[in-house]
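*Asks:* Quick one: the structure is below, questions incoming.
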Amino acid sequence: MPHSDSLILTLVGAFVLAFVFGMLALRFKLSPLVGYLLAGVAAGPFTPGFVADAELAPQLAEIGVILLMFGVGLHFSPQDLMRVRKVALPGALVQIAAATALGWGLGLVMGLPQLESFLLGFALSVASTVVLLRALEERKQVKTETGAVAVGWLVVEDLVIVIALVLLPLLVKAKGAYDPVAVGMSIGWTLVKVAAFVALMFVVGGRVLPWVFVRIAHTRSRELFTLGVLAIALGIAYLAYAVFGASFALGAFVAGLVLNGSALGHNAAERAMPLRDAFAVLFFVSVGMLFDPTILVREPLAVAAVLAIVLVGKSIAALVITTLFKLERRASFMVAASLAQIGEFSFVLAAVGMTLGVMSRQTHDLILAAALLSIALNPFVFKLADLLAGKAEARAAAVEAS
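Below you can see the structure in the form of structure tokens.
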């Protein structure tokens, strides 16, 4: 592919294939995300026909991650999380630990190294915020108690992953070191820089960014306001990465969080949404490009095992946790169904693991296979959850009647 037109061909191929496969996915009553991932498989080097620029696509996908996390920050309310914190916070942490332990054990059985086994489990523990929000919107449950618990749960998971993305390169770099003090100081210094960035954003950015948006709004230019949203999201994400050593994702999330409480935060979210959706599509397409579908034939048992952890292991853990916290039975089943999938941050973690040389291509493909299949099966998991919740409520009513 000539370098002069690689950007155009990659964008055209990605959007056209994503549209076609997304429409086909909807036709078969699947999530459009499945179509976007399959579009990436079709545009990747492992299938015949058109092959997009494999070096350019991940860079475009990074913009999708930035805008995705910026959108999460814009829609994230600390008050909402505080309201469900007694369930969402310990629930998310325990469920992450349970799924990570299952994946770690599976990795050891498969003969993987300790760190790679841990990363496999960790990647399988985090559900997709995008898939969850779309599922809740389709069921009109975003504003319900169940929706609040599920979203709060996933926000905690997102925060854990953001911290993990900061620490992972340091842990890999220190893997061969035997000085725990030096390793601890390195990690501590990184956390101090991240804390300084967050404090700077809330103290300074909390005053400056709303003021900037008010001035832009006074121009009455929709184009300038949209450009302002994009410039702030990308600019702060790069500032967090280049100056403070944090991740693009954390910088974008904090920027959105700061703007969430401003008077124009809702307008900023509306302006960012089309851009976020478009680049999020590129993200899923680029992930699909990395997936080798032959692993479904080469390693069917391994694929089935990782899928079982996502669909069964995580759901059971969520049911146990929500039952212990005395959540309503239907709400417990809905939260469990919400978590029975993995998505964008699992992809990011797997990609970082490959870049750092601590995750093999086969493990990476196992995670992508689990993501593709779990996202495709998630609507059916919700239907099963409805059925089981109905039966549980009927039994409870029969017991009360007797």
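30 is the number of the first residue of the sequence shown in the numbering used here; add one for each residue after it.
All residues carry an ideal CB built from backbone N, CA and C; glycine is no exception.
(1) Check for me: the alpha helix (DSSP H) holding MET139 runs from which residue to which?
(2) Within a Cβ cutoff of 8 Å, which residues of the same chain sit near THR323, ignoring the five residues on either side of it in sequence?
(3) Which residues in the same chain as ILE190 place their Cβ atom closer than 6 Å to its Cβ, once the five residues preceding and following it in sequence are excluded?
(4) Would you check if the segment 365 to 373 and the segment 410 to 429 touch, i.e. whether three or more CB-CB distances between them fall below 8 Å?
(5) Nearest to ALA72 by alpha carbon, out of THR129, ALA81, ALA405 and TYR65?
(6) Do the segment 120 to 134 and the segment 145 to 152 touch if we need at least three Cβ pairs shorter than 8 Å?
(7) Under 8 Å Cβ to Cβ from VAL381, same chain only, skipping five residues before and after it: list those, please.
(8) What residue range does the alpha helix (DSSP H) around ASP415 cover?
(9) Assign GLN124 to buried or exposed, taking buried as 16 or more other Cβ atoms, counted over all protein chains shown, within 10 Å of its Cβ.
(10) Taking C-alpha atoms, which residue in ALA346, PHE282, VAL339 and VAL377 lies nearest to LEU319?
(11) Decide if HIS247 is buried, meaning its Cβ has at least 16 other Cβ atoms within 10 Å, or exposed.
(12) Cα separation between TYR207 and ALA262?
(13) Hey, could you find the ends of the alpha helix (DSSP H) MET363 is sitting in?
(14) Identify whether PHE147 lies in helix, strand or coil by the three-state DSSP scheme.
(15) For the candidate residues GLY419, ALA334, ALA269 and ALA405, whose alpha-carbon lies nearest to that of ALA224?
(16) Would you report the Cα separation of LEU256 and LEU279, rounded to the nearest angstrom?
(17) Can you give me the C-alpha to C-alpha distance between SER60 and GLY213, rounded to a whole angstrom?
(18) Provide the residue span of the alpha helix (DSSP H) that contains GLY285, from first to last.
(19) If you follow the alpha helix (DSSP H) that LEU66 is part of, which residue opens it and which one closes it?
(20) Short of 6 Å in beta carbon distance, which residues of its chain neighbour LEU336, apart from the five on each side in sequence? Order them along the chain.
(21) In whole angstroms, what is the alpha-carbon distance linking TRP240 and ALA68?
(22) Between LEU137 and LEU161, is the Cβ-Cβ spacing less than 8 Å?
*Replies:* The structure says:
(1) Within the sequence shown, the letter at position 110 stands for residue 139. Run containing MET139: none; DSSP gives neither H nor E here.
(2) As a first step, residue 323 is located in the sequence shown; it is residue number 294 there, counting from the start. Counting only Cβ-Cβ distances below 8 Å, and skipping sequence neighbours, we find PHE75.
(3) What you label residue 190 is simply residue 161 of the sequence shown in a count that begins at 1. Counting only Cβ-Cβ distances below 6 Å, and skipping sequence neighbours, we find VAL155 and PHE374.
(4) yes
(5) Residue mapping note: residue 72 aligns to position 43 of the sequence shown, counting from 1. Ranking the options by Cα distance to ALA72, first place goes to ALA81.
(6) yes
(7) Taking the sequence shown and counting its residues from 1, the one referred to as residue 381 is at position 352. The answer, listed in chain order, is LEU194, LEU197 and PRO198.
(8) By 1-based counting over the sequence shown, the position of residue 415 is 386. Per DSSP, ASP415 belongs to the alpha helix (DSSP H) from 390 to 430.
(9) Here the question's residue 124 lines up with position 95 in the sequence shown. Per the 10 Å Cβ criterion, buried.
(10) Here residue 319 refers to the residue found at position 290 when the sequence shown is read from its first residue. When only C-alpha atoms are compared, the closest one is VAL377.
(11) Taking the sequence shown and counting its residues from 1, the one referred to as residue 247 is at position 218. Exposed, by the Cβ-count rule.
(12) Residue numbering aside, residue 207 sits at position 178 when the sequence shown is read from its first letter. Residue numbering aside, residue 262 sits at position 233 when the sequence shown is read from its first letter. Annotation note: pLDDT 49 at TYR207 (below 50); position unreliable, coordinate value reported separately. Rounded to the nearest angstrom, the two C-alpha atoms are 39 Å apart.
(13) Taking the first residue of the sequence shown as 1, we reach residue 363 at position 334. Element bounds for MET363: 358 to 368.
(14) Reading the sequence shown from its first residue, position 118 is the one you call residue 147. Here PHE147 sits in helix by DSSP.
(15) Position 195 of the sequence shown holds residue 224. Out of GLY419, ALA334, ALA269 and ALA405, ALA269 has the C-alpha closest to the C-alpha of ALA224.
(16) Start at 1 with the first residue of the sequence shown, and residue 256 comes out as number 227. Start at 1 with the first residue of the sequence shown, and residue 279 comes out as number 250. LEU256 and LEU279: Cα-Cα distance of roughly 21 Å.
(17) The residue given as residue 60 occupies position 31 in the sequence shown. The residue given as residue 213 occupies position 184 in the sequence shown. Spanning the two alpha carbons is a distance of roughly 43 Å.
(18) What you label residue 285 is simply residue 256 of the sequence shown in a count that begins at 1. Its alpha helix (DSSP H) spans residues 277 to 289.
(19) Along the sequence shown, read from residue 1 onward, the residue named residue 66 stands at position 37. Unbroken alpha helix (DSSP H) run through LEU66: 61 to 72.
(20) Taking the sequence shown and counting its residues from 1, the one referred to as residue 336 is at position 307. Cβ within range, chain order: ALA399 and LEU402.
(21) On the sequence shown, position 211 is the one that residue 240 refers to. On the sequence shown, position 39 is the one that residue 68 refers to. Rounded to whole angstroms, TRP240 to ALA68 spans 41 Å at the Cα level.
(22) In the sequence shown, residue 137 corresponds to position 108, counting from 1. In the sequence shown, residue 161 corresponds to position 132, counting from 1. No; because the gap between Cβ atoms is not below 8 Å, this pair is not in contact.
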